[in-house]
Structure formats: structure tokens, C-alpha cells
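Take the sequence shown: its letters are residues 0 to 424, numbered as in numbering that gives the first Met the number 0.
Glycine is no exception: its CB is placed at the ideal position from the N, C-alpha and C atoms.
Fair warning: this is a prediction, and the values are worked out from it, not measured in the lab.
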Amino acid sequence: MNIWSKVVNSSEKKVLLSNFLALGIVQGLNFLLPLLVIPYLLYVLGVEIFGLLAMATAFSTYFMILSDYGFNVTATREISVYRDSSEKLNEIFSAVLFIKIILMLIGFSILLLALALFDTLGSESLIYILTFGMVVGQVLFPIWFFQGMEKMGYIAILNIVAKLFFLVAILLFVKEKEDAYLVPLFNSLGFILVGIVSLFYIYKHFNIRFVWQPYSVLKRYFLMGWHIFLSHMAVLFYTSSNIFILGLFTNHLVVGYYAIADKVISALVSLGDILNQVFFPYLSKKWEENRQEYYQLFYKILKSIVLGMGVVTLIVVWISSDIVHLLSNKEIEITTELLQIMSLSIILFPLGGLFSQSFVTQKHTVYVSKSTFWTLLVNVLFVGLLVPLYGVYGLAIAVVLVQVFHFYLNYLYFIRLKRRLACVE
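Structure representation (C-alpha cells):
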């Protein structure tokens with residue numbers, strides 16, 4: 000009898016398999032969409048405008064992290080634990096949604112201020128404002144609720160609707176460079192449409208109602224997500240923000256070359272996140288029931304991610320030039336080399352999420368903050384040293400080195416916590 004059979008019964012297997020297939024469809028779509036859209040956008044808009052859109056998306060990611068505030072982890076866990084209490088579900092849903100809306104409004108105010116203060120941003124203000132619609136859609140789409148309820152199928156269906164809407168709209172209406180503003184517009188509309196539909200669905204099928212919560216309740220949920228928020232914001236500084244910083248010190252053309260490789264890596268990394276998203280609610284319950292089985296399952300997932308993403312990495316290195324040619328319809332040596340360098344991080348990115356979720360499950364979110372804080376400092380060091388020396392190649396090398404350090408630090412914290420809890424027991 001293998002580990003899976005020991006720790007997961009037949010009914011649980013069915014739920015996990017269903018969620019895995021649902022998220023597999025979503026991530027598969029996330030993988031295929033760039034292969035369909037990027038070549039078209041590069042052909043119609045050119046690499047430079049593509050770089051501008053990448054910068055706007057990277058900037059909006061700050062506000063997505065702000066409005067999410069770690070609730071994709073903490074709220075998911077709360078929902079999974081209290082899924083059988085309608086009163087508690089209403090409280091969690093209402094408090095989290097209200098806080099996210101307030102944070103979104105704060106983010107939009109910051110965006111307007113930045114557009115007014117910086118000419119490099121203000122000259123393309125329409126692109127940045129339309130891209131912010133992604134933040135609105137993310138706030139309205141409570142993925143954390145569906146994950147906590149282990150109803151991933153709904154996420155799959157709604158994501159497919161949004162992706163197809165974006166794809167069809169781009170192919171029908173974006174015909175020349177002057178249509179660049181339509182790209183963030185359609186992307187945002189897809190997010191917002193799905194968000195509205197999901198809220199209506201939750202209202203009808205889960206009997207969830209928005210109820211005004213007292214300040215004490217809002218404060219409790221706000222503080223609950225603090226360490227995760229700090230972690231996600233720090234992660235942003237050594238992932239998406241690198242594109243934004245690169246654009247400030249180079250130009251949109253260089254950003255475009257880098258963004259093509261980054262889009263491919265992001266799509267592939269999302270495949271490794273499937274296991275994290277599927278097993279997180281289940282692992283949260285397993286931790287409360289049986290610590291030994293929890294660790295067995297955790298190591299099994301860890302090995303599966305390393306093995307699976309290791310194979311993906313080897314394939315990407317082997318066919319990197321073909322991937323770039325497929326996306327851009329031409330040979331771009333810089334992008335090919337960047338993709339080969341950055342492909343080494345494909346294994347490591349999903350492991351960071353796995354360890355973060357583990358620290359949340361074990362109710363030691365301080366380790367999430369610690370690991371990301373030190374990783375942020377290391378990122379500043381590597382980027383500061385390597386980019387001036389090697390330019391965009393230095394940034395690609397820094398991304399890989401930072402992920403190696405992040406994994407090593409997370410693993411040390413995980414072992415330390417495991418030993419401490421073993422002594423307490």
C-alpha cells in the first residue's frame with residue numbers, strides 16, 4: 000500500500016482528482032493562451048508595444064497583491080475549516096470581500112497619484128488605467144471561496160469563459176498598433192464579467208449573503224493576512240517588479256524581449272501550482288487530523304513537483320529556440336538565451352508556494368514573512384550587482400539565483416519547525 004492510499008481514502012481521492020482535472024484545464028488554458036495570443040500581438044503591435052503592455056501588467060500586479068492581501072491563502076484555509084457552518088461562511092465571505100474592496104480603492108488612488116507624478120507612466124495613462132480593471136475583476140472573483148469549498152470545477156468553467164472572451168475579442172478587434180488599448184480593456188472586461196457571474200453563483204448555490212461585519216471582525220481577518228501579504232508583496236519585488244524596473248532603466252524593446260521569455264516561464268510554472276492549489280484545503284484538514292500523515296503527503300507532493308517540473312525544464316531548454324520562433328514567428332537570439340537561463344527556475348517557483356502554504360497550515364505564518372524578507376534582500380543584491388554587469392542577462396541569472404536561495408531558506412525553516420513541533424508533542 001503506497002503513501003497515497005494510506006493518507007487519502009477513496010471519496011477524498013475522487014474530490015482531489017476532480018479538483019486536479021478542473022485546475023488542470025485552467026492551467027492548460029493558461030499555458031495555451033500565450034501560444035495563441037503572443038504571436039498575434041507581436042505581429043500586430045510589435046515588440047516595443049508588447050513591452051509597454053507587459054510593464055502595465057507588472058505595475059498592476061502590485062495592486063492585485065495589495066487587494067488580495069494574502070486572502071487566497073488565509074481565507075481559503077478558513078473556508079475549508081468552517082465549510083459546514085453557514086453562519087461562519089457568511090462572516091468570512093463578507094469580511095474578506097469588504098476588506099478587498101477597500102484595498103482596491105486605495106490601490107486605484109495610488110495608481111492615479113503615480114500617473115500624475117511620473118511622466119513615463121502618465122504618457123500612457125489610458126493603458127495603465129484599463130489594465131487596473133484586472134484588479135477589479137480579481138476582487139470580484141472569490142477564487143479563495145471555491146478553493147476552500149474544494150469546488151475547483153467552478154473556477155475552471157469561469158476561467159475558460161474569461162480566457163475565451165479575451166482571445167476572441169483580441170482576434171476580432173485588435174488590427175493595428177493604435178488598438179493597443181483594447182488589449183488591457185478586453186482582458187479587464189473578461190476578469191470583471193467572470194467576477195460578477197461568480198458572485199451571483201455563490202449567492203444562488205451556496206446561499207451566501209453579504210452581511211456587514213463589526214470592526215473587531217474586520218480587524219481580525221485583516222491581521223490574519225498580514226504575514227502572507229508581506230510575503231506576497233516581497234515576492235512581487237523579485238518577480239513581476241523586475242520587468243517594471245527593467246523598463247525604467249532600459250526601454251520597452253528590451254522589456255519586450257524579456258517579457259516573451261517571462262510569459263513562457265510563467266505559463267509553465269502555473270502547471271506546477273496545480274498540486275499546490277488542489278491539495279492545500281485537504282492538507283489543512285489533514286494537519287488537524289493526523290500530523291504524521293500530513294508530513295507523508297507533503298513530501299510526496301514535493302517529490303512529484305520536483306520530478307514533473309524537472310522534466311518540463313529539460314524539454315524547454317532543448318526546444319527553447321523553437322518556442323521563441325513559434326511565438327514571434329522569427330529568430331530572437333536574446334529571448335532564446337533568456338528562456339534557457341530562466342527555465343532553471345521552473346522547478347523552484349512552485350516549491351515556494353508549497354512551503355508557504357505549509358507554514359500557514361501549521362499556523363506559523365511568521366516563517367513566510369521571514370523567508371520572503373531575506374529573499375527580497377538577496378534579490379536586491381543580485382539584481383543590483385548583475386544587471387549593471389550583464390544587462391537583461393543579469394536579470395535572468397538573478398531570477399534563478401534568487402529562487403535557489405528561496406527554496407533553501409524555506410526548506411531550513413520547514414525542518415526547523417517540524418523538529419520544534421515534534422519536541423512540543
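Residue j and residue i - do their beta-carbons sit closer together than 8 Å?
i      : j      : result
VAL416 : SER370 : The sequence shown places Leu at residue 416, rather than the Val named in the question. For LEU416 and SER370, no; Cβs fall outside 8 Å.
MET133 : PHE190 : yes
SER66  : GLN146 : no
VAL426 : ILE273 : Residue 426 cannot be examined here, being either before or after the span of the chain that is shown, 0 to 424.
ILE48  : ALA179 : yes
PHE279 : LEU350 : no
LEU296 : LEU282 : yes
VAL456 : PHE348 : With the chain running from 0 to 424 in the structure shown, residue 456 is simply not present.
ILE142 : ASN71  : yes
TYR256 : VAL36  : no
LEU325 : VAL46  : no
TYR68  : GLY224 : yes
PHE372 : ALA397 : no
ILE437 : THR73  : The chain is shown only over 0 to 424; residue 437 falls outside these bounds and no answer can be derived.
THR364 : VAL401 : no
PRO183 : ILE105 : no
GLN356 : ASN289 : no
ARG208 : MET148 : no
Could you pull the start and end residues of the alpha helix (DSSP H) that residue i belongs to?
i      : result
PHE209 : It is not in any alpha helix (DSSP H) - PHE209 carries neither H nor E in the DSSP assignment.
HIS324 : 290-327
GLY352 : 347-360
ALA74  : 70-80
GLY189 : 181-204
ILE333 : 332-341
SER215 : 214-223
Quick one: what's got a C-beta closer than 7 Å to residue i's C-beta in the same chain, skipping five residues either side?
i      : result
SER432 : Shown here, the chain extends from 0 to 424; a query on residue 432 therefore has no answer.
THR312 : SER342, LEU343, ILE345, ILE346
TRP286 : TYR293, THR360, GLN361
GLN339 : VAL316, SER319
VAL254 : GLY50, ALA53, MET54, ILE242, LEU245, GLY246
ILE100 : VAL138
PHE144 : ILE78, PHE92, ILE201
PHE107 : PHE131
ILE304 : GLY271, LEU274, PRO349, LEU350, LEU353
Keeping to the same chain, check which residues put their C-beta closer than 8 Å to that of residue i; ignore five residues upstream and five downstream.
i      : result
TYR412 : PHE354, PHE358, TYR366, LYS369, SER370
PRO387 : GLY393
MET0   : Here MET0 scores only 42 on pLDDT, less than 50, and its place in the model should not be relied on; the value that follows carries that caveat. Around MET0: no qualifying Cβ.
ASN430 : This structure gives no information on residue 430, because the portion of the chain shown stretches from 0 to 424.
VAL43  : VAL173, LYS174, GLU175, LYS176, ASP178
VAL210 : ASN89, GLU90, SER93
LEU217 : ALA94, PHE97, ILE98
PRO38  : LEU325, LEU326, SER327, ASN328
ARG76  : GLY147, PHE279, PRO280, SER283, VAL359, THR360
LEU425 : In the structure as shown, the chain starts at 0 and stops at 424, and residue 425 therefore has no counterpart that could be examined.
Within a Cβ cutoff of 6 Å, which residues of the same chain sit near residue i, ignoring the five residues on either side of it in sequence?
i      : result
SER327 : LEU41
ILE2   : The predicted model places ILE2 with a pLDDT of 45, which falls under 50 and marks its position as unreliable; any figure quoted below should be read in that light. Answer for ILE2: GLN295, LYS299, listed in chain order.
VAL403 : none
ALA433 : The shown model of the chain, from 0 to 424, leaves out residue 433, and the question about it has no answer.
SER197 : PHE140, LEU157
MET308 : GLY271, ILE345, ILE346
LEU229 : SER368
ILE331 : VAL323
VAL329 : Here residue 329 is Lys; the residue named in the question, Val, does not match the sequence. Contacts found: none.
The ligand FMN and residue i: does the residue's C-beta get closer than 7 Å to at least one heavy atom of that ligand?
i     : result
GLU86 : Of ligands this structure carries none, so the ligand FMN is not represented either.
Quick check on residue i - is its C-beta less than 8 Å from some C-beta in chain C?
i     : result
TYR42 : Absent from the structure: chain C. Only one protein chain is present.
Pairing CB atoms from the region 101-118 with CB atoms from the region 81-88, are three or more of them under 8 Å? Touching, no.
message: Which runs of the alpha helix (DSSP H) at least 4 residues long sit entirely within the region 106-177? Give them in chain order.
response: As far as the region 106-177 is concerned, its whole alpha helix (DSSP H) runs of at least 4 residues are 118-121, 124-130, 132-139, 142-147, 151-172.
- Message: For the pair the region 52-61 and the region 119-132, tell me if three or more CB-CB distances fall below 8 Å.
- Response: Touching, yes, given that three or more Cβ pairs across the two stretches are closer than 8 Å.
Checklist entry - Hey, which unbroken runs of the alpha helix (DSSP H) at 4 residues or more fall wholly within the region 365-411? => result Complete alpha helix (DSSP H) runs here, min 4: 365-389.
Examine the Cβ distances between the region 166-178 and the region 91-105 and report whether three or more of them are shorter than 8 Å. Using a Cβ-Cβ distance cut-off of 8 Å, the region 166-178 and the region 91-105 are not in contact, since fewer than three pairs of beta carbons, one from each stretch, lie closer than that value.
Discussion item. Check whether the region 157-168 and the region 182-199 are in contact - that is, three or more C-beta pairs closer than 8 Å.
Written reply: By the C-beta criterion, the region 157-168 is judged to be in contact with the region 182-199, since at least 3 inter-stretch pairs fall below 8 Å.
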